[in-house]
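Notes follow the structure.
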Amino acid sequence: MNKSLFRSHYAWAAILALGVWAGLFVAGLGRFGIIGSSGRTARLVSGNLALFCMLLAIGYVLRKYMHKHGYSPEFKLKVPIAKLERAETRLNEIRREILKGQHTTQRGIEALVARVLREEGVQRVLRIEVSAGPPAGPKFDLKASKAFPLGKAASWLHLHLYISIAMAIAVFVHGGDGFDSGMGATLLGVSVLVIVSGVVGIFLWAFGPAWLTRRERDLSIEESFVMREGFSRKLKELLEKMDADLRAVLEDASAKGAAGSGGENAVRVLLKALPAGDAARRVQLQDALVLRGQLQRVDAEFRALWRIRLGFMAWRAVHLPAALFLCVAVAAHVLSIALY
Amino acid sequence: MSEEGLSELEARESELLFKLELFAGLSPRLRKLLLKFRRYTPGLADAVFVKQGEYTEDFHYVLSGSVSAFRTDTDGRTELHEFLGPYSWFGEASALSNQPSLATFKADMACTLLTIDGGTFKILCKDPSNQDFRKRIDERYRRQALAAHMRTMPIFSSLPKEQLAAIKGHVRFETYPKGKLIASEGAECDAVYMVRSGAISCARKLPSGQEQILEYHMNNSSFGERSLAGGNETWPGNYITLAPTDVLVISRAAIQSSLGADPAAFEALNKAAMALAYDPSGHSAAGGARSAGRAAKSEDEIEVLVKGGRVKGGEALVIDLARCVRCNMCVETCVAVHEDRVPRLSKKGQRTPAVIDLVPTEINLATSCYNCDIPECMMACNFGAIRRDSAGLIRFVYDNCVGCSACVSACPYGVIRYTPPPGSAPIVPKESFFESIPLLGALFKRKDAAAQEAAPSADASKKDPVLSARGEKVQGKSIKCDLCAGLPFEGCVYNCPTSAIARRDPTSIRYDVDQIHVKVVDGSIADAVGGGSRG
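One line per chain: the protein sequences are A and B, in this order. Counting in my numbering, the first sequence runs from 1 upward without gaps. Counting in my numbering, the second sequence runs from 341 upward without gaps.
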């Protein structure tokens with residue numbers, strides 16, 4: 001189980017939102033859409049808050065797809081390797097100077113390191129941590145790592161998860177009693193769908209990988225997929241080389257086999273019927289049978305694994321279209337308010 | 341300048357260059373090679389050519405002016421190590437073995453150096469028709485650099501200069517082919533060895549008949565100090581070369597005869613040898629001494645990992661299978677960050693039960709470059725296309741790569757893959773935003789893109805062959821994880837939504853050693869890694 005999905009500092013945002021709402025209830029002011037019925041300003045504030053949370057949640061999706069397609073601004077930070085090496089060589093020089101005892105304060109070393117990174121133009125790519133060295137070694141240690149300027153996708157996912165829960169609360173505070181109008185009912189209904197499917201998704205992502213890993217025996221899902229594709233291609237190539245009558249028998253046998261009506265017998269009969277001198281066709285047929293057998297086994301394995309994967313990924317079939325629809329509906333809602 | 345003038349200059353250069361004693365004996369083929377790949381490095385007074393500890397593979401020959409070599413010892417003291425006037429040279433050890441420079445080389449006055457890259461220098465040294473060149477290089481090395489080199493061996497680090505000079509005369513230079521047994525387990529230990537280039541493994545036989553790796557030696561590390569420890573010491577394992585290897589051999593008898601007049605010095609050496617051979621805190625079980633800066637690790641699981649072929653150095657790319665939702669984002673990001681759109685990451689790897697952050701789980705050690713301490717790929721490359729950068733990472737120099745695939749075969753982890761030469765492979769079109777939407781993306785898939793993806797480019801075979809910087813026909817390209825060189829992130833780690841994939845020091849993972857050992861006793865580490873607790 002992946003417990004890390006439930007441990008995030010962004011959860012405080014959701015807890016805070018929940019706390020505010022609970023406070024309103026305790027104060028006797030609470031019901032769905034309370035703020036919605038208490039004035040234009042309150043309605044706008046709660047609406048904007050919900051919109052802000054929603055935009056933050058969308059940020060994860062944008063970041064993910066921008067990276068996947070190479071449009072992320074971080075790609076523009078790329079520096080030539082020669083620059084990195086020059087910086088690393090100068091850092092080695094500083095390490096040697098530390099060893100000689102020429103630098104005694106951490107702040108001084110940090111300033112020196114920052115200057116080297118700045119002069120070489122790699123300050124946005126490299127991060128250098130200055131820490132106390134080992135007992136028998138130099139006084140300070142310089143540890144280089146990547147800068148990760150916009151934060152890891154995992155942090156963005158946590159933001160997405162918990163800010164969406166905060167958003168859900170803001171949405172219901174904003175217009176929880178709005179089921180009487182078409183737009184209100186649509187927005188609230190789709191919001192419920194998005195949030196519920198998302199929460200289900202968190203739990204499925206937390207448990208699903210362990211289910212799949214337990215089921216993967218000889219082959220992982222990726223390996224079984226690759227092998228299935230490989231066997232399919234080979235079998236197709238072999239079938240293309242075969243005579244039409246041999247192919248027809250084999251395909252007929254496959255169809256019968258799939259229907260459970262003993263297609264193998266037809267192949268056996270054909271194998272026996274082939275003249276002894278016709279070695280080439282015999283080998284072709286035997287190869288095709290072997291390949292088909294392997295393909296069937298790998299395919300069965302892949303399908304079994306795929307079903308599990310589908311089990312913990314299928315929530316996205318609801319979540320993603322619903323989220324896309326929600327974005328469009330919210331845009332229409334915001335525009336209509338701005339225009340009318 | 342006119343072509344005529346240029347060729348006249350080249351002829352003059354060739355005439356002057358091959359009058360130099362070191363290059364005079366080169367065959368016409370090697371002369372041609374040298375003229376093609378030599379370059380001139382000018383430097384004003386105080387210019388630094390190479391810094392101590394810097395990974396370089398260039399050999400430098402001083403044509404005019406003078407260069408001084410300074411060396412900083414581990415105690416922080418810097419001393420003038422050597423003065424190099426015209427017609428002397430430096431950098432031969434780095435050019436041969438890509439090891440970091442032993443000293444800092446600085447111009448005393450305006451000077452000009454002839455610089456030869458490591459790939460060319462290796463060819464000059466190893467060509468059978470050019471024994472004289474190698475002999476001169478070795479002779480000068482013995483005369484000028486050997487004492488400093490020996491000083492890096494812990495056993496000789498505190499020996500007075502005069503005694504070191506006396507021992508220096510008895511040092512033998514040996515070159516062994518790959519797979520050569522240098523010393524046998526249980527035989528009398530009678531010499532100290534220092535690895536100049538290449539690599540050596542030390543392995544012992546367990547009572548079960550299995551082999552256990554005790555130590556790897558390379559880059560100035562030494563072994564056999566126990567031969568000086570006094571008693572009838574024996575070799576703890578079989579020492580076998582992993583690649584063509586150059587070593588320095590100093591026999592016990594030679595040291596005894598050199599220090600014969602000074603019994604106190606020999607006794608001090610005995611004590612130092614005892615400490616090195618039997619102090620488990622600082623040195624290996626095999627009694628070998630590592631070069632400075634490399635920590636010894638002797639935990640049980642290290643043996644299991646090394647034996648399982650899972651770690652040799654550096655950091656491993658670990659996928660926590662209890663977190664991995666198989667979204668393939670890691671591979672897709674890997675495609676996005678490489679211009680050729682060929683992923684370097686392969687999720688195929690060894691699986692094993694482990695404990696990460698106190699949570700028992702199952703991990704997959706993905707086949708990503710470990711930046712090995714002993715990079716066998718680098719040793720296998722004859723074209724200078726693999727080097728180690730100043731941060732210690734293994735990098736490909738694609739201008740030199742001819743696609744011979746020697747590195748692919750040499751890599752013990754199957755990390756390096758082979759792709760068609762640049763320009764001949766079909767370019768896989770980028771997915772549009774709509775195509776990449778999970779589940780619904782298939783509805784937007786363009787038919788022409790799918791067809792292009794499936795069929796190789798028809799024009800590929802008609803194109804002119806791609807040539808390397810050396811002019812050889814490029815048959816393909818070797819690729820491996822480059823840690824997203826130049827970018828501020830490592831794509832797969834950065835973009836994993838569940839933090840399932842991470843770079844980890846293999847020693848920080850607590851492997852379920854009991855389970856693995858059970859399988860080892862059964863005789864199959866492969867089962868242990870492949871099976872684990874599954875099924």
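We put the beta carbon where it would ideally sit given N, CA and C, even for glycine.
Quiz item: By the 10 Å Cβ neighbour count, where 16 or more other Cβ atoms means buried, how is L204/A classified, buried or exposed?
Solution: Counting other Cβ atoms within 10 Å of its Cβ, L204/A reaches 16 or more and is therefore classed as buried.
Quiz item: Along the chain, which unbroken stretches of the beta strand (DSSP E) at least 3 residues long are found entirely within the region 419 to 499 of chain B?
Solution: Counting whole runs of 3 or more residues, the region 419 to 499 of chain B contains the beta strand (DSSP E) stretches 444 to 447 and 451 to 456.
Quiz item: Residues in its own chain within less than 6 Å of E347/A by CB, not counting five upstream and five downstream?
Solution: Residue 347/A lies beyond the residue range present for chain A, which begins at 1 and ends at 340; the question has no answer from this structure.
Exercise. Would you mind telling me which residues of chain B sit closer than 7 Å to I195/A, beta carbon to beta carbon, in chain order?
Key: Against I195/A, chain B offers no close residue; the least beta-carbon distance is about 19 Å (beta-carbon pairs closer than 7 Å).
Quiz prompt | Helix, strand or coil at R352/B [DSSP, three-state] | solution = In this structure, DSSP gives R352/B a helical state, which the three-state scheme calls helix.
Quiz prompt | Which of helix, strand or coil DSSP assigns to R378/B | solution = Looking at R378/B - three-state DSSP - the assignment turns out to be coil, as it is neither helix nor strand.
Quiz item: Does the count of Cβ pairs from the region 188 to 208 of chain A and the region 60 to 77 of chain A closer than 8 Å reach three?
Solution: Contact between the region 188 to 208 of chain A and the region 60 to 77 of chain A is absent, because fewer than three Cβ pairs lie under 8 Å.
Quiz item: Rounded to whole angstroms, how far is the Cβ of S4/A from the Cβ of R663/B, which I believe are closer than 8 Å?
Solution: For a cut-off of 8 Å, the C-beta gap from S4/A to R663/B is around 7 Å, short enough to register as a contact.
Quiz item: If S899/B sits next to V390/B, beta carbons under 8 Å apart, how far is it from one beta carbon to the other, in whole angstroms?
Solution: Since the first residue of chain B shown is 341 and the last is 875, residue 899/B is not available in this structure.
Quiz item: Based on Cα-Cα distance, which residue from N740/B, A612/B and E702/B lies nearest to I841/B?
Solution: Of the candidates N740/B, A612/B and E702/B, the one whose C-alpha sits nearest the C-alpha of I841/B is E702/B.
Quiz prompt | Simplified DSSP state of H67/A, which is helix, strand or coil | solution = The answer is helix: DSSP assigns H67/A an H, G or I state.
Quiz prompt | Inter-stretch contact at 8 Å, needing at least 3 Cβ pairs: the region 672 to 685 of chain B / the region 711 to 727 of chain B | solution = For the pair of segments examined, the region 672 to 685 of chain B was found not to touch the region 711 to 727 of chain B: the number of CB pairs separated by less than 8 Å stays below three.
Quiz item: To the nearest whole angstrom, what separates the beta carbons of R95/A and L142/A, a pair I think is in contact under 8 Å?
Solution: Contact between R95/A and L142/A holds, with the beta-carbon distance rounding to 6 Å and staying under 8 Å.
Practice problem: Counting only the same chain and skipping the five closest in sequence on each side, list residues whose C-beta sits under 6 Å from that of G59/A. | Solution: Sequence-distant Cβ neighbours of G59/A in its own chain, meaning closer than 6 Å and more than five residues away, do not exist here.
Quiz item: What is the DSSP secondary structure of V651/B, reduced to helix, strand or coil?
Solution: Here the model assigns V651/B a pLDDT of 40, short of 50, so the residue's position is not dependable and the matter cannot be decided.
Quiz prompt | Identity of the residue in S818/B, V699/B and K687/B nearest Y738/B by Cα | solution = With distances taken between Cα atoms, Y738/B lies closest to S818/B.
Quiz item: Does G416/B have its Cβ less than 9 Å from a Cβ in chain A?
Solution: G416/B counts as touching chain A.
Self-check item: Span separating the alpha-carbon of R482/B from that of A608/B
Solution: For R482/B and A608/B, the distance between alpha carbons rounds to 25 Å.
Practice problem: For P693/B, return the contacting residues in chain A, with the cut-off set at a CB-CB distance below 9 Å. | Solution: Per Cβ cutoff of 9 Å: no residues; P693/B is ~10 Å from chain A at best.
Quiz item: If you follow the alpha helix (DSSP H) that T89/A is part of, which residue opens it and which one closes it?
Solution: Run containing T89/A: I81 to K100, per the alpha helix (DSSP H) assignment.
Quiz item: Apart from the five residues just before and just after A17/A, which ones in its own chain have a Cβ nearer than 6 Å to its Cβ?
Solution: The beta carbon of A17/A sits closer than 6 Å to those of A166 and I169, all from its chain and outside the five residues before and after it, given in chain order.
Quiz item: Hey, does F389/B have any beta-carbon neighbour from chain A nearer than 9 Å?
Solution: Not one chain A Cβ lies under 9 Å of F389/B.
Quiz prompt | Nonlocal neighbours in the same chain, by C-beta distance under 8 Å from Q503/B, ignoring five residues either side | solution = Non-local C-beta neighbours of Q503/B in its own chain, meaning closer than 8 Å and more than five positions away in sequence, comprise S598, L599, D602 and A605, ordered along the chain.
Quiz item: From I128/A to A144/A, what does the alpha carbon distance come to, in whole angstroms?
Solution: C-alpha separation (whole angstroms): 5 Å.
Quiz item: Residues in its own chain within less than 6 Å of N835/B by CB, not counting five upstream and five downstream?
Solution: These residues qualify, in order along the chain: M669 and T673.
Quiz item: In the structure shown, what three-state DSSP assignment does N578/B receive?
Solution: Strand, per DSSP.
Practice problem: Taking only the alpha-carbon atoms, compute the straight-line gap between S839/B and W315/A and give it to the nearest angstrom. | Solution: Approximately 20 Å, taken between the alpha carbons.
Quiz item: Is S197/A buried or exposed, if buried means 16 or more other CB atoms sit within 10 Å of its CB?
Solution: Buried, since its Cβ has 16 or more Cβ neighbours within 10 Å.
Quiz item: Using the rule of at least 16 other Cβ atoms within 10 Å of the residue's Cβ for burial, across every protein chain shown, is I507/B buried or exposed?
Solution: By the 16-neighbour rule on beta-carbons within 10 angstroms, I507/B is buried.
Quiz item: Could you give the distance in angstroms between the alpha-carbon of I463/B and the alpha-carbon of K611/B?
Solution: Our two residues, I463/B and K611/B, have alpha carbons roughly 42 Å apart in a direct line.
Quiz item: Should the region 379 to 388 of chain B be called in touch with the region 416 to 435 of chain B, which here means at least 3 C-beta pairs below 8 Å?
Solution: No: fewer than three Cβ pairs fall under 8 Å.
Quiz prompt | Between the CA atoms of A153/A and E251/A - distance to the nearest angstrom | solution = For E251/A and A153/A, the distance between alpha carbons rounds to 48 Å.
Practice problem: Compare the C-alpha of S469/B against each of Q484/B, D457/B and A364/B and name the closest. | Solution: Ranking the options by Cα distance to S469/B, first place goes to A364/B.
Exercise. Give me the Cβ distance between F302/A and S224/A, rounded to the nearest whole Å; I'm assuming they're in contact under 8 Å.
Key: Right, their Cβ atoms sit about 4 Å apart.
Quiz item: Secondary structure at C542/B, three-state DSSP: helix, strand or coil?
Solution: Three-state DSSP puts C542/B in a strand.
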